[in-house]
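Student: Going by the working numbering, the sequence shown opens with residue 42, and the numbers climb by one from there. Each residue gets a CB set at the ideal place from its N, CA and C atoms; glycine is no exception.
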Amino acid sequence: MLTIIFLCIGGFLASFVDSIAGGGGLISMPILLMAGLPAHLALGTNKFAGSFGCFSSAYRYAKSGKTNIELLKKLIPFTIIGCFLGVKCVLSISDTILNILVFIMILVVALYTYFKKELGTIDNFQGINDKNIKIGIIMAFSLGFYDGFFGPGTGTFLAFSLIKIYGFDFLSASANTKILNFTSNFIALILFMINGQILYSVAILYAISMILGGYIGAKVAINKGSKLIKPIFLIMSIAVGFKLIYQTIK
């Protein structure tokens, strides 16, 4: 009974934080491992539950009108292609090197966001044009590919990229990020399901708590806006970065 309560609270909290600024995996994965799941089952189970949590927050953001449907229709296909290739690709680069590279990139993003005080606080979206669509397609494909084979920090990079490319504030960037993130999560989830790496007795319970956390977290973000999202984004970015370094040196 205590394990069930632990999973429910942990899943809710992870999805709540993730729906606002990403980084929920920092909470959800350790909880599954602490509950006694083997690593490979924890990954698949977390992806299953996280996909539902991501869908819940994406739905709430879409319902609020904060998502740009025209833009997403152009970017989603390339996210799907990138993620599929990322999952299928056998990479020669080691996890250690990837951890270090991603840590450096996340640290740069966090520092830039911190010192650029006005970044993401005002929505400066000027519309879609050929130039920003081409850049956006490259971004969607690249981060879809990255999410397919590795994953940590994808939400951070997506939100930051949408702010820089399209001039969104943090609220609009988070809303559109959730849609793209759900897309790549879903592709990866299918492969976990095919390979039988999901413990459904835990995954379904975890998913229910994440659905609630994701929906409520998105609602809070919509009500509070970029002033709430930006500091949480910074905290979670730094946390993800240092977790990667810890994994590398331990």
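Put residue 66 into one of helix, strand or coil per three-state DSSP.
Tutor: Here residue 66 sits in helix by DSSP.
Student: Where does residue 44 sit, in a helix, a strand or coil, going by DSSP?
Tutor: Helix.
Student: Quick check on the burial criterion: 16 or more other C-beta atoms within 10 angstroms. Buried or exposed for residue 171?
Tutor: Its Cβ having fewer than 16 others within 10 Å, residue 171 is exposed.
Student: Since residue 95 is in the alpha helix (DSSP H), which residue starts that stretch and which ends it?
Tutor: Here the alpha helix (DSSP H) through residue 95 covers 80–105.
Student: What's the call for residue 140, buried or exposed, on a 16-neighbour Cβ count within 10 Å?
Tutor: Flag for residue 140 reads buried.
Student: Quick check on residue 247: buried or exposed, where buried means 16 or more other Cβ atoms within 10 Å of its Cβ?
Tutor: The residue is buried, with at least 16 neighbouring Cβ atoms inside 10 Å.
Student: Our contact map puts residue 68 next to residue 78 with C-beta atoms below 8 Å; I'd like the distance itself, whole angstroms only.
Tutor: Rounded, the Cβ-Cβ distance is 15 Å, inconsistent with contact.
Student: What residues in its chain sit with their C-beta under 6 Å from that of residue 97, if we drop five residues either side in the sequence?
Tutor: Counting only Cβ-Cβ distances below 6 Å, and skipping sequence neighbours, we find 252, 255 and 256.
Student: Between residue 52 and residue 202, is the Cβ-Cβ spacing less than 7 Å?
Tutor: Cβ distance not < 7 Å, so residue 52 and residue 202 don't count as in contact.
Student: Closest to residue 198 by CA distance: which of 89, 275, 162 and 158 is it?
Tutor: If we check each option's Cα against that of residue 198, 275 comes out closest.
Student: Does the pairing of the segment 220–232 with the segment 146–166 give three or more beta-carbon distances under 8 Å?
Tutor: The segment 220–232 vs the segment 146–166: no contact.
Student: Got a sec, what are the start and stop residues for the alpha helix (DSSP H) residue 290 sits in?
Tutor: Its alpha helix (DSSP H) spans residues 267–290.
Student: Straight-line CA distance for residue 70 to residue 212?
Tutor: Going from the Cα of residue 70 to the Cα of residue 212 covers about 26 Å.
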